[in-house]
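Data block below; observations after.
Residue numbers (the numbering used here): 133 to 485.
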């Protein structure tokens, strides 16, 4: 449908729409319109959408929206943990909210969980998420949501927790090792057959995968899940968002290298066999969310997130005046691959609305 949806984090007050559609105004400029409506995301009503960190649109036109619940947590005065984290399903053609699932606190602690990224196993109606928790109540975990049975679970171990392993993290001349080393699992990607889930801590360099059959089997023990984890070694850089194409290649952005990488599982070490597709210190500054348009293009966002979180000497703290250029970008990169979901096998009964 050639629509572009954008999320804006409610890390502080003053964010009108956290889920938006990019539209053009009367002067031809691209602007953000709250979607499906402003009323649907009122920050004063916990039954409404509170803070969208990520979303994924399945082949049936259903948007799976990750609502963090918590908001304003970068403002010590305004921090609000009163609303629970939710999964909200929206029919894209109509904008109608189909259903909402509230995660229980034992899966996503209301005062510490940060439901971050999402991938979908559409045939099994299962969503896999990362929780990039940053306090004692959530040290970082994989979260599984089973739509058919309206249930969820979490898995965590040393691979989902912060594990920088001593590597230095330098971004545009400033060292952020001490700042970022404490950030746990963030990026996530699903193989085209939906049998392997790839993930990596934001503050770490190692890439891991786990068998999804054990994750979505709610009778499997944590030790059974852990036994299927593979450590693929260190990447050329730590990364935020990642994605896997229909050809089984993994795409990820190097936070310390301003580079978009492509790696083929089974081709060799992720550190030595990752192919740098493009390097751009301006446009690929902290690559985050990925999405495919199924025309062979990978869409991604980039931002100067380190300057918002931590400030910096070089460069200066995030500048909203515009004098330092754009802080956030949406880009399209031709990669010759489509979404991992295009190769999943579907049946009509899966389109439940």
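For each residue, glycine too, the CB sits at the ideal point set by N, CA and C.
Within the model, the alpha-carbon separation for residue 337 versus residue 201 is close to 29 Å.
Secondary structure at residue 185: strand, using DSSP grouped into helix, strand and coil.
Under the three-state reduction of DSSP output, residue 143 falls in the coil class, being neither helix nor strand. Its Cα nearest to that of residue 386, the residue 402 stands out among 380, 402, 377. By alpha-carbon distance to residue 242, the top candidate from 266, 372, 226 is 266. Taking all protein chains in view, the Cβ of residue 264 is crowded by 16 or more other Cβ atoms within 10 Å, so the residue is classified as buried.
Counting only the Cα atoms, residue 231 lies some 25 Å from residue 329. Collapsing the DSSP output to three states places residue 345 in a helix.
With a 10 Å radius around the Cβ and a threshold of 16 neighbouring Cβ atoms, residue 310 comes out exposed. In the DSSP assignment, residue 357 falls within the unbroken alpha helix (DSSP H) covering 354–358. For residue 233, the closest C-alpha among the options 412, 284, 321, 306 is that of 284. In this structure, residue 367 and residue 323 do not form a Cβ contact; the two beta carbons are roughly 17 Å apart against a cut-off of 8 Å.
CA-to-CA, the gap between residue 271 and residue 239 works out to about 12 Å. Restricting attention to 186, 400, 382, the CA atom closest to the CA of residue 393 is found in 382. Per DSSP, the unbroken beta strand (DSSP E) holding residue 411 starts and ends at 407–411. By the neighbour-count criterion, in which 16 or more other beta carbons inside 10 Å mark a residue as buried, residue 174 falls on the exposed side.
Under a 10 Å Cβ-count criterion, residue 142 is classified as buried, with 16 or more other Cβ atoms of the shown protein chains found around its own Cβ.
Between residue 191 and residue 477, the C-beta gap is not smaller than 8 Å, which leaves the two residues out of contact.
For the 8 Å CB-CB criterion, residue 439 and residue 432 do not form a contact. DSSP, reduced to helix, strand and coil, places residue 439 within a helical segment of the structure shown. In the DSSP annotation of this structure, the continuous segment of the alpha helix (DSSP H) that includes residue 309 starts and ends at 309–312.
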